[in-house]
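Here's the structure we're looking at; comments come further down.
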Amino acid sequence: MKFSTKVSRITNIAKLTKFTKVSFVASLLATAPCNAAGSSAETTAKQNATESSTYTWPDKHKAAVVLTYDDTLHSQLDYAVPQLNQHQLVGTFYLSGARGDLDLRMHEWRAAAILGHELGNHTLYHPCRKSLPNRDWVQPFLDLDQYTIAQYSEELKTTNTLLQAIDGYTQRTFAYTCGDTTVKNGSVVDAIKPLVTAARDVIAGTNDANNINFYKIKSFDGANKSAQQLIDMVAQAQQNNHLVVLLFHGVGGDYLDVDAAAHQQLVQYLADNRKDYWVTTLRDAVQYIKTNPVD
Ligand SMILES: [Zn+2]
44 MKFSTKVSRI TNIAKLTKFT KVSFVASLLA TAPCNAAGSS AETTAKQNAT
94 ESSTYTWPDK HKAAVVLTYD DTLHSQLDYA VPQLNQHQLV GTFYLSGARG
144 DLDLRMHEWR AAAILGHELG NHTLYHPCRK SLPNRDWVQP FLDLDQYTIA
194 QYSEELKTTN TLLQAIDGYT QRTFAYTCGD TTVKNGSVVD AIKPLVTAAR
244 DVIAGTNDAN NINFYKIKSF DGANKSAQQL IDMVAQAQQN NHLVVLLFHG
294 VGGDYLDVDA AAHQQLVQYL ADNRKDYWVT TLRDAVQYIK TNPVD
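Each residue of the sequence shown is one higher than the last, beginning at 44 in this note's numbering.
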């Protein structure tokens with residue numbers, strides 16, 4: 044969908060939404076990173092050379108690129124969103140409902156959604172498994188090891204409702220908090236399928252649209268990467284027609300951050316090469332693949 048068309052559509056949605064300020068449960072979380080223990084997404088792009096495949100993206104783009112940003116961080120509104128907007132590019136921002144940053148800057152997140160950015164589901168309370176290494180920061184009442192699958196599902200449903208109140212959308216994608224996919228009584232992967240259209244994982248790699256697991260979408264971690272490293276990550280997808288997803292936390296601040304200038308150079312590269320790269324939201328990329336399943 045063209046950017047202008049999308050803006051028009053979302054603007055219409057926004058007009059239907061009554062923008063009353065809502066006071067949500069806030070500040071229950073200490074600021075805690077999505078994948079503080081580190082993840083396999085630390086693997087560099089070059090370590091993850093993938094086999095070639097063919098897939099036809101819209102307008103004959105050679106690859107689909109989805110930039111994702113976790114944890115509802117100020118630096119994302121301060122740097123990432125403006126940099127993307129400057130070039131009329133969009134990304135997916137995974138918000139946790141209970142983060143105080145959402146309450147403080149809700150109108151800015153709504154404005155981002157109106158411009159086409161996806162507000163993705165990142166749970167309400169950002170629970171993580173406390174039993175894993177380097178998870179001392181996980182509050183006992185936010186310990187996924189103590190969650191049940193039903194509890195996890197209810198939290199996702201409530202977050203969907205919260206985000207719908209902000210952006211008007213009834214469909215969105217999800218990102219596993221800390222990359223964790225299990226709770227006390229098993230895996231949550233099947234349970235979330237009726238609630239979100241896809242889920243981003245922290246396993247490193249690009250995604251072959253012809254053989255994709257929508258609830259284990261692979262990604263590369265952009266934290267502390269140089270501009271060239273970030274560009275290399277997306278460039279490999281151009282060679283094999285894949286979907287490549289980058290995972291960011293802070294941009295020019297906060298934590299697990301990438302330098303704002305490096306992020307800017309990546310965005311500039313994508314804008315300069317927009318005939319080759321379909322830069323979109325995960326919601327729209329997944330929607331396209333589901334409606335165009337086989338090349
Ligand atoms: Zn997170």
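Glycine included, every Cβ here is placed at the ideal spot set by N, Cα and C.
Selected residue, minimal CA-CA separation from E198, among I235, V301, L132 = I235
Secondary structure of V232, DSSP reduced to three states | helix
Take T166 and list the residues in its own chain whose beta-carbon comes closer than 7 Å to its own, dropping the five residues that flank it on each side.
-> S139, E198, L199, T202, T220
In terms of alpha-carbon separation, which member of G159, S118, T135 lies closest to R148?
-> S118
Pick from I260, V226, K261, T213 that is closest to L238, judged by C-alpha positions = T213
Cβ neighbours of R215 in the same chain (closer than 8 Å, five flanking residues each side left out) = E161, L162, G163, N164, N203, L206, V239, T240, R326
Inter-stretch contact at 8 Å, needing at least 3 Cβ pairs: the stretch 108 to 127 / the stretch 171 to 180 = no
Hey, how far is the Cα of A270 from the Cα of P176?
-> 30 Å
Starting from the Cα of H130, find the closest Cα among V329, P336, T323, D244 and give me that residue.
-> T323
Chain-order list of residues whose beta-carbon lies under 7 Å from that of T191 (same chain, five-residue window excluded) | Within the same chain, T191 has close Cβ partners V226, K227, N228.
Residues that F136 bridges to, as DSSP identifies them = Y112, L162
N250, buried or exposed, once every other Cβ within 10 Å from all chains shown has been counted against 16 | buried
Could you name the residues of the same chain whose beta carbon sits closer than 8 Å to that of L313, not counting the 5 residues immediately before and after it, in chain order?
-> V108, H130, L132, V277, Y320, V322
In or out: G159 buried (at least 16 other Cβ within 10 Å) or exposed?
-> buried
Is DSSP giving V294 helix, strand or coil here?
-> strand
For D188, write down the residues that DSSP places opposite it in a beta bridge.
-> Note: D188 sits in no beta bridge, so no partner.
Short Cβ contact (7 Å threshold) for H292 with L299 = With respect to the 7 Å criterion, H292 and L299 are classified as neighbours on the basis of their beta carbons.
Hey, is T220 close to ligand 1, as in C-beta under 6 Å from one of its heavy atoms?
-> yes
Going by DSSP, which residues form a beta bridge with N250?
-> L286
Grouping DSSP H, G and I as helix and E and B as strand, with all else coil, what is R243?
-> strand
Grab the span of the alpha helix (DSSP H) containing G124 for me, first residue to last.
-> Here residue 124 is Val; the residue named in the question, Gly, does not match the sequence. That run of the alpha helix (DSSP H) goes 124 to 129.
What is the DSSP secondary structure of A107, counted as helix, strand or coil?
-> A107 falls in the strand class under three-state DSSP.
Secondary structure of T334, DSSP reduced to three states | helix
Delimiting residues of the beta strand (DSSP E) encompassing V181 | Careful: V181 lies outside any beta strand (DSSP E) and carries neither H nor E.
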